[in-house]
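Quick note on the numbering used here: the first sequence kicks off at 1 and runs consecutively.
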Amino acid sequence: MSIAPATETRLLQGLNPEQLAAVTLGPEPALILAGAGSGKTRVLTTRIAWLLQTGQVSPGGVMAVTFTNKAAREMLTRLSAMLPVAVRGMWIGTFHGLCNRFLRAHWKLAGLPQGFQILDSSDQLSAVKRVIKAMGLDEERFVPKQVTWFIAGSKEEGLRPRDVEVRDEHGRTLVRVYEAYEAQCEREGVVDFAELMLRSYELMRDNDALREHYQRRFRHLLVDEFQDTNRLQYAWLKMFAPPGREQAVFAVGDDDQSIYAFRGARVGNMADFEREYRVERVVKLEQNYRSFGNILDSANALIAHNRQRLGKNLRTDAGAGEPVRVHEATSDYAEAQWLLDEAQQLHRAGTALAEIAVLYRSNAQSRVIESALFNAGIPYRVYGGLRFFERAEVKHALAYLRLIENANDDTSFLRVVNFPTRGIGARTIEQLQDAARASGRSLAQSVGAVAGRGGVALAGFVALIDGLRERTQGQTLREIIRQMLEDSGLITFYRTDREGQDRIENLEELVNAAEAFVTQEGFGKDAVALPVDEQAPDAAAGVVPDADTGEIMSPLAAFLTHASLEAGDNQAQAGSDAVQLMTVHSAKGLEFDAVFITGVEEGLFPHENALSDADGLEEERRLMYVAITRARQRLYLSFSQTRLLHGQTRYNVKSRFFDELPEGALKWLTPRQQGFGSGYARSYQEAWARGSGLSGIVGAGRVEPAPVPAAMASSRSSHGLKVGQSVFHTKFGEGVLLTLEGEGDDARAQVNFGRHGLKWLALSVAKLTPIE
DNA sequence: CGCAGCGCTGTTTTT
DNA sequence: CAGCGCTGCG
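Given below as C-alpha cells:
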C-alpha cells in the first residue's frame with residue numbers, strides 16, 4: 001500500500017475499536033451489525049475513503065448502494081469532505097438510481113427504447129387502471145391498487161408472468177393483467193420502479209460477457225440498510241458479486257430496525273448473506289453516540305422481547321441522563337395540549353423547535369397535534385405530505401414534457417389531452433382508445449382514426465405537441481419548459497383559477513428546479529451520462545461497453561428521469577425553526593434532542609392490523625425501538641384514554657410496550673394506573689359527560705356497581721354495560737368495552753383486552769364484570 | 001362536459 | 001371526520 005501514513009491516520013482518527021475493525025476489514029465478505037446511532041454512515045464512508053486512500057481500489061471499482069436519495073447524497077457529501085476524490089467514477093446511489101444508470105448504458109441489450117421513461121407509483125396505478133378497463137374486468141374484483149401491488153410484488157420476487165404460480169381463476173386473471181400491463185409498458189416505452197431492478201437483474205443474469213465485465217470492474221460493494229433489501233435486490237447484488245469470488249461485499253444493517261417487511265423487505269437476507277457468503281467477521285457496532293442511558297436502556301429492554309434477533313445491545317458512555325417521561329391523557333385533544341405545553345417549555349429553556357420531534361404511528365394522528373400547534377402559533381413541519389414532483393400541476397407539466405420526448409406515452413397523453421379542457425370528452429377518448437387497441441398502436445398514432453368533431457380536437461392536440469417539439473428543438477431546458485407552459489395553456493388556465501396562484505408558483509418552481517438540475521455539479525454524472533451501447537458485447541474479444549463512457553442524453557430526458565427517480569422534498573417550509581411532525585417510519589435515520597412518541601396505545605401502537613401474527617407484533621416492536629432511539633436527551637411517551645378516530649370516539653388501553661420498559665428508567669408524569677381500570681374510570685366519566693356512549697351502567701354479579709350519576713341510572717340496559725366501560729373477564733383480564741350490539745340474549749360486546757386483542761363476546765355467555 | 005353531492009373507506013412508504 | 005371516486009343532473 002503506497003500511502004502517506006499520516007493521511008491514513010487522520011482518516012481513522014477518532015474511530016472506536018469496533019468501527020476501526022469494520023473500516024479496515026480486508027477484502028472479504030463482511031456483515032456489520034450497526035445499532036442505532038452507532039456511527040453507521042461514518043463507518044461506511046470512512047471505509048470507502050480508506051480503501052481509496054490506501055490504493056486498494058480505484059474509484060471505478062467501488063459501488064455503494066442505499067435506499068434513499070437522501071442517504072446517497074449524504075454519503076457523497078461526507079466522502080468528498082474526507083477526500084479530494086473524483087466521486088465521478090464511483091457508483092454511489094440508490095438501488096433504482098444505479099439500475100437506471102445501468103439500463104441507460106445498456107438499453108439496447110436490455111430491450112428498451114433509448115429514451116425510456118420511468119413511471120412513478122401514481123403513473124403505474126393509472127397504467128394498471130387502463131389495462132383493467134381495456135380487458136373489461138370488474139374493478140371491484142380487480143382493485144387497481146391491489147393489482148399494482150401484485151405486479152410490483154411479483155417483480156420484486158423476480159417473477160415474470162409465466163413464473164407466477166396460479167392457484168385459481170382469479171390468480172389466472174391477475175397474471176393476464178400482469179402480461180397485458182407489460183405489453184402496454186413495452187408499447188409505450190416506459191418502465192416502473194420494480195422493472196428497473198428486474199430488468200437489470202435479468203440482463204446481468206443472461207449476458208455472460210456483461211456480467212463478467214461488471215464483476216471484474218467492481219471490487220468493493222457496500223450496501224447500506226441491508227435489512228431493508230427485498231429478494232430481488234439481494235439477487236441483483238449477487239449478480240454483481242457472487243458468493244465465493246474475490247469481490248468484497250460490505251453489508252451494513254440492523255435487524256432491529258427492520259420496519260419494512262410490509263413492503264417486501266426481507267430481514268432474512270442478513271442471515272442468508274452470512275451463510276451464503278460464509279462471512280467470518282460479523283462486526284457489531286454497539287457503542288451509541290446519540291442517546292443517554294435511560295433512553296438506551298428502554299430501547300434495549302423493549303427489543304429484548306423479540307425472539308427473532310441476531311442479538312445486539314446498545315451502550316453509551318453518556319450517563320443515565322433524564323428519565324423517560326410518561327404521560328397519560330384523557331383524550332387525544334388533551335394529549336396534544338399537554339405536548340404543546342411541554343414543547344413550549346422546552347423551547348423557552350433553549351431547545352430549538354427543529355430539535356423537537358413529535359412521532360406517531362399513523363398519519364391520521366397528526367391532525368389534532370397540528371391544530372393545537374397551529375392555534376398556539378408554534379411553527380411546525382409535517383413530513384410525508386405531497387412532494388414537489390407529485391403535485392397535480394407539476395405532474396401535468398411533466399406529462400407535456402414527456403409527450404415532447406415521447407409521443408407514445410399514453411399515460412401522459414391521457415393525463416393532459418383534455419387539460420386544460422379543449423373539448424375532448426370521454427366518448428372521444430373511448431373511440432380513440434378503441435382504435436389504438438385495434439391497431440396495437442399508441443393513442444397519438446391513432447388520432448386519425450377518430451372522425452367528427454372529436455377527431456378534429458384530437459388532431460389539434462397532437463399538432464400542439466408536435467409544434468412544441470419542433471419549436472423547442474435545440475433550446476435549453478429552461479426555454480423548453482417556459483414554452484410548454486405557455487403553449488399548453490397551463491399558465492393561462494391557472495391564472496383564471498381561483499386557487500391558481502400557488503399552482504403558478506409551483507410551475508415557476510419547476511423552471512427553477514430544471515435550472516438547478518442543469519447547472520448542478522452532478523449533471524452529466526448520473527442520469528445524463530448516456531454511454532454508447534455498441535451492439536451486443538463482443539464476448540470473444542471480451543470487450544463490453546461500460547456504463548461510464550459515452551454520449552449525453554438530452555437534458556429534457558435526463559430531467560424527466562430525475563423527476564421520476566427523485567420526487568423532491570415535501571413542500572413544508574424546510575429550514576425554518578419548526579417542530580417536526582412525522583410518522584415513526586419517516587423518522588428512521590433521524591435524531592432529535594427531544595422526542596415525543598404519541599398515541600402509545602393498544603390497537604394504535606402496536607397497530608391492531610399488525611396483531612394477527614407474531615411477526616407483525618415483532619415489527620411493531622422494532623418500530624417502537626426505532627422511535628425510542630431517535631431521542632438524544634429527552635424522550636416522552638404518551639397515551640390517551642380516548643381518541644377520535646374515523647369520527648368515532650375510541651377507548652384505548654395503554655400499550656403493552658409499557659410493560660416491556662424498565663420501570664427504573666421511566667418517570668410517570670400522571671398517576672400510575674393501579675390495579676384494574678383506575679385509568680378508565682375517568683374516560684368513562686368523560687364519555688358520559690360528553691354524552692357519547694351512553695346506556696348506563698349496572699353492577700353485574702358480584703362486583704360493586706360503579707358510582708353512577710343519577711342521570712344515567714334511568715337509562716340502564718339489561719346487561720348493565722356501556723361503551724367506554726372498563727370490564728374484567730376471567731380469561732382475558734382487564735379491557736375496555738368498545739361496542740355494544742343487539743338486545744337480550746343476542747347482545748354482543750366488542751372489548752379491547754389490550755394484549756389479548758379485540759374480542760367479540762356474547763353477553764349471555766361471557767362473564768364480563770364492570771370495573772369501577 | 002362540468003359540477004355538486006353521495007357513499008365508502010380508512011397502517012406504515014421509498015424508488 | 002375527511003378525502004376520494006363515482007353518479008346523476010343541468
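We treat Cβ as the ideally placed atom computed from N, Cα and C, and that holds for glycine.
1. Taking three-plus beta-carbon pairs below 8 Å as touching, is the segment 270-277 in contact with the segment 291-299?
2. Please report the distance separating the alpha-carbon of Y178 from that of R130.
3. Is T330 helix, strand or coil when you go by DSSP?
4. Counting C-beta neighbours from all protein chains within 10 Å, is the total for A349 16 or more, i.e. buried, or is it exposed?
5. Hey, which unbroken runs of the beta strand (DSSP E) at 3 residues or more fall wholly within the segment 369-451?
6. Is the distance from the Cβ of H787 to the Cβ of S638 below 7 Å?
7. Excluding sequence positions up to five away, which residues of its chain have a Cβ less than 6 Å from the Cβ of L399?
8. Quick test of the definition: if touching needs 3 or more C-beta pairs under 8 Å, does the segment 178-189 touch the segment 82-90?
9. With a 10 Å radius around its C-beta and 16 neighbouring C-beta atoms as the bar for buried, classify A451 as buried or exposed.
10. Can you tell me which of the three DSSP states M135 falls into?
11. Given a cut-off of 7 Å, decide if L604 and R325 are closer than it, judged by their beta-carbon atoms.
12. Taking all protein chains shown into account, do 16 or more other C-beta atoms lie within 10 angstroms of the C-beta of N406, making it buried, or fewer, making it exposed?
13. Hey, is the segment 274-291 in contact with the segment 58-68, meaning 3+ C-beta pairs nearer than 8 Å?
14. Who are the near neighbours of Y63 in its chain, counting only those whose CB is closer than 8 Å to its CB and skipping five residues on each side?
15. In chain order, what are the residue ranges of uninterrupted alpha helix (DSSP H) at least 4 long that sit wholly in the segment 457-521?
16. Can you tell which of S640, G647, D341, A627 has its C-alpha closest to the C-alpha of S258?
17. Closest by CA to P243, which one among L232, E212, R278?
18. Let me confirm a value: Q365 is counted as buried when at least 16 other C-beta atoms fall within 10 Å, else exposed. Which label applies?
19. Tell me the rounded alpha-carbon separation between I491 and D341.
20. Can A36 and T629 be called in contact, C-beta distance under 7 Å?
21. Roughly how many angstroms separate the alpha carbons of Q215 and P27, rounded to a whole number?
22. Name the one or two DSSP bridge partners that F728 has.
23. Please state the DSSP three-state secondary structure of D613.
24. In its own chain, which residues sit with a C-beta less than 8 Å from the C-beta of A397, not counting the 5 before and 5 after it?
25. Ignoring anything shorter than 3 residues or poking outside the segment 181-261, list the beta strand (DSSP E) runs there in chain order.
26. Going by DSSP, name the residue or residues bridged to F657.
27. Short of 8 Å in beta carbon distance, which residues of its chain neighbour E274, apart from the five on each side in sequence? Order them along the chain.
28. Could you tell me the alpha carbon to alpha carbon distance between L464 and D206, rounded to whole angstroms?
29. Can you grab the Cα-Cα spacing for the pair W236 / A22, in whole Å?
30. Check for me: the beta strand (DSSP E) holding D317 runs from which residue to which?
31. Would you identify the three-state DSSP class for N363, choosing helix, strand or coil?
32. So, helix, strand or coil for M75, using DSSP?
33. Skipping 5 residues on each side, what residues in its chain have a beta carbon closer than 8 Å to that of E8?
34. Do G158 and L232 have their CB atoms nearer than 7 Å?
35. Would you call the segment 357-364 and the segment 583-597 in contact, with 3 or more CB pairs under 8 Å?
36. For A610, collect the residues of the same chain with a Cβ closer than 7 Å to its Cβ; drop the 5 residues on either side in sequence, then sort them by chain order.
Taking the geometry as given:
1. no
2. 12 Å
3. strand
4. exposed
5. 380-382
6. Nothing about residue 787 can be reported from this structure: the residues present for the chain run from 1 to 772 only.
7. Residue identity differs from the one stated: residue 399 is Ala in this sequence, not Leu. Within the same chain, A399 has close Cβ partners S412, R415, V416.
8. no
9. exposed
10. coil
11. no
12. buried
13. no
14. In the sequence on display, residue 63 carries Met and not Tyr. Cβ neighbours of M63 beyond the five flanking positions: M90, W91, I92, L98, F218, H220, L221, L222, F240.
15. 477-487, 490-496, 500-519
16. A627
17. R278
18. buried
19. 44 Å
20. yes
21. 14 Å
22. E734, T769
23. coil
24. I481, M484, L485, S488, L490, L507, L510
25. 190-192, 220-223, 248-253
26. Partner(s): none; F657 has no beta bridge.
27. L31, V282
28. 42 Å
29. 24 Å
30. Segment: none, D317 is in no beta strand (DSSP E) and carries neither H nor E.
31. helix
32. helix
33. W50, Q53, T54
34. yes
35. yes
36. G616, L617, E619, E620
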